[in-house]
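Quick notes on the structure that follows.
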Amino acid sequence: MEFVSEDLVTLNVTLVFLDDWDMAVMDYDVRTRTYGIEINQKEVQAAFWGTLAMRKYIENGRIVISWAGWFQPVDFLRSSMSGLTFRHKDWIDITPSRLNPGEAYQIEPEVETSPDEMISALMDLVINTVDLNLDASHQLIENLLLQGAMKERK
Numbered sequence: 000m001e002f003v004s005e006d007l008v009t010l011n012v013t014l015v016f017l018d019d020w021d022m023a024v025m026d027y028d029v030r031t032r033t034y035g036i037e038i039n040q041k042e043v044q045a046a047f048w049g050t051l052a053m054r055k056y057i058e059n060g061r062i063v064i065s066w067a068g069w070f071q072p073v074d075f076l077r078s079s080m081s082g083l084t085f086r087h088k089d090w091i092d093i094t095p096s097r098l099n100p101g102e103a104y105q106i107e108p109e110v111e112t113s114p115d116e117m118i119s120a121l122m123d124l125v126i127n128t129v130d131l132n133l134d135a136s137h138q139l140i141e142n143l144l145l146q147g148a149m150k151e152r153k
């Protein structure tokens, strides 16, 4: 995937799922998935891996999809890393009558050791790419809902 932010910075992002998860079969159960992400931005390269749990709630007149997870950097600026975990929570409210769904995104770093320049640079990179990842999340949710609707009609 390639994302372009408002300040015209291009990010090349590679997302790899490390296990099987058929998102079209999602129901009320919680689904989990392990993934790896590689980010390349000019001279900044980073690799992460993490786990994501997702759940869909169907309420009167809307669908709410929430997910929570964590990810850890394994490589940053061509150096291996440890001791830093990012936990994130995200949800999207899909109401058929609205043009844009409501959303909230929260990401907080948990640092096991005292931060240094590399960790600060990594945190800046991750926090500055959250908006770009939200666009990809919206597309993923849209595809999931379309697949579910098509399955119901069959």
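With our numbering applied, the sequence shown corresponds to residues 0 to 153, in that order. Glycine included, C-beta positions come from ideal geometry on N, C-alpha and C.
What does the alpha-carbon distance come out to for the pair residue i and residue j?
i	j	result
S79	A46	9 Å
K88	P72	18 Å
Q105	F75	In this prediction, Q105 scores a pLDDT of 46, lower than 50, which makes its location untrustworthy; no coordinate-derived value is stated.
V63	T33	22 Å
A23	S136	For A23, the predicted model reports a pLDDT of 44, less than 50, meaning its position is unreliable and no value from the coordinates is stated.
I38	F70	13 Å
E58	Q44	41 Å
K55	L139	13 Å
T50	L144	22 Å
Q40	V29	34 Å
E141	R152	17 Å
I91	W48	23 Å
Given a threshold of 16 other Cβ atoms within 10 Å of its Cβ, counted over all protein chains shown, does residue i qualify as buried or as exposed?
i	result
M53	buried
I36	buried
L83	buried
With H, G and I counted as helix, E and B as strand and the rest as coil, what does DSSP make of residue i?
i	result
N142	helix
M53	strand
G68	strand
S194	Because the chain spans 0 through 153 in this model, residue 194 falls outside it and cannot be assessed.
Are any of the Cβ atoms in chain B nearer than 8 Å to that of residue i?
i	result
L144	Judged by its chain identifiers, the structure shown contains no chain B, having just a single protein chain.
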